[in-house]
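*Asks:* One structure follows; several queries about it will come next.
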Amino acid sequence: MAAVGQIENDRVVRLITAYREKGDRRAVERVFAIHGKILNHIVRRYSGSSGETYEDLLQVGYVGLIKAVNGYKTNSNARFSSYAYAMIDGELRHHFRDTGLVKRPRWARSLYSRIAEATTKLTGELGRPPLIDEIAREVNVNPEGVLEVMKLFLNTNVSSLDAPGIGGDGEEPNVGAIRSLQYDSFSLPVEDRILLEQGLDSLSEL
């Protein structure tokens, strides 16, 4: 199976090269045809819960596939299919972030509300913005968990547990880091994990 996959990838590389060097439209159309199943799989995965039509999302997916054709390094050890999958998925995620269609899960909204209330309360009591660990004690969630929820709602890049509780642009949250101080584990439903990964649109202010 690995040999078959490599042969297929070599074929795709030749098609991409023909498109880039000769402007062969039929070559790139063939690349699209070969990866149609991957494109459809990703689009259908999102179309069921996003509220947008399959056809509209398919167009977004095609943009990702075109970017994959243009950006793939033909001497790469990674197969084009893997690269294309990541580019299509990424294009759809960016689309959802830009349009604000993906909603944050209920548990995250609830926890963020508690964090916001705790921040306001502690600011008044301390006369300064509270530190992450101070907020964590107030809401009974570990400091890492507070950081992850703040990443989700504020796109914060706070990485230190001694940092104040407000930041700027940042990374995607790590769901596994969110744990209750009262329990050994704090597990989330699979659906909420998916929504947490997808719900990285920004919130205006506290």
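Residue numbers 297 to 502, in my numbering, belong to the letters of the sequence shown in order.
For glycine and all other residues, C-beta sits at the position ideal for the given N, C-alpha and C.
Computed from a prediction, not measured in an experiment: that's the story for all the values here.
1) Measuring alpha carbon to alpha carbon, tell me which of H337, L361 and K369 ends up nearest V309.
2) Might you give, ordered along the chain, the residues of its own chain that have their beta carbon closer than 7 Å to the beta carbon of T313, omitting 5 neighbours on each side?
3) Within the same chain, show all residues whose beta-carbon is closer than 8 Å to that of E325, passing over the 5 residues directly before and after it, in chain order.
4) Starting from the Cα of I362, find the closest Cα among G423, L335 and T349 and give me that residue.
5) Taking 6 Å as the limit between beta carbons, can you name the residues of its chain near Y358, skipping five residues before and five after?
6) Whose CA, out of K318, G367, Y381 and L388, lies closest to the CA of K522?
7) Is S409 buried or exposed, if buried means 16 or more other CB atoms sit within 10 Å of its CB?
8) Using the beta-carbon count (16 or more within 10 Å), is D306 buried or exposed?
*Replies:* Looking at the atomic coordinates:
1) K369
2) T370
3) none
4) L335
5) none
6) Only positions 297 to 502 of the chain appear in this structure, which leaves residue 522 out of reach.
7) It is exposed - the Cβ of S409 has fewer than 16 other Cβ atoms within 10 Å.
8) It is exposed - the Cβ of D306 has fewer than 16 other Cβ atoms within 10 Å.
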